[in-house]
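These notes concern the structure reproduced below.
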Amino acid sequence: MLHELVIHTKADTEYDQYLNADRSTAYDVGNHFRVLESIVIDGFSDGVRPVHIENGCDIYLFFGSRVLMFISVHHDTLLLAHLRALGTEYEQAKALTEAIGRSIKYFDL
5 MLHELVIHTK ADTEYDQYLN ADRSTAYDVG NHFRVLESIV IDGFSDGVRP
55 VHIENGCDIY LFFGSRVLMF ISVHHDTLLL AHLRALGTEY EQAKALTEAI
105 GRSIKYFDL
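Anchor point for the sequence shown: position 65 equals 69 in this note's numbering, and the numbering is continuous, going up by one each time.
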């Protein structure tokens, strides 16, 4: 069970940006936050695996129809690391790199 949910300051800005975009994008971001709430309350569903592991920090990617959500878990803390508009594979790889960097800095790994 996770005990703490933290939102990275840059992810908070991204949240506001996507929430104030068109209705479909805002709906997508709302769905992502329902996923976060579920993870904090119930933990991860069976079969959910990290896309990257960095020094004991697991990084997960959740796809929406318009927005990607990257979260990191280290010990009992869940960090909303990055929100990014769905883009090309190259842009998604850059977004993962950004999420990894934010997670490393936040958790001081």
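Built from N, CA and C at the ideal position, the CB exists for glycine as well.
State the start and end residues of the unbroken beta strand (DSSP E) segment that holds His86.
Looking up residue 86 in the sequence shown gives position 82. Unbroken beta strand (DSSP E) run through His86: Thr81 to Ala89.
So, for Leu113: in the same chain, excluding its five sequence neighbours on each side, which residues have a beta-carbon less than 7 Å away from its beta-carbon?
Numbered from its first residue, the sequence shown carries residue 113 at position 109. Closer than 7 Å at Cβ, skipping near neighbours: Glu58, Asn59 and Cys61.
According to DSSP, Phe67 sits in a beta bridge with which residue or residues?
Start at 1 with the first residue of the sequence shown, and residue 67 comes out as number 63. In DSSP, Phe67 forms a bridge with Leu72.
Look up His56 in the DSSP assignment and say whether it is helix, strand or coil.
In the sequence shown, residue 56 corresponds to position 52, counting from 1. Looking at His56 - three-state DSSP - the assignment turns out to be strand.
Once the 5 residues before and after Phe111 are set aside, which same chain residues still bring their CB inside 6 Å of it?
Position 107 of the sequence shown, counted from the first residue, corresponds to residue 111. Hits under 6 Å: Cys61 and His78.
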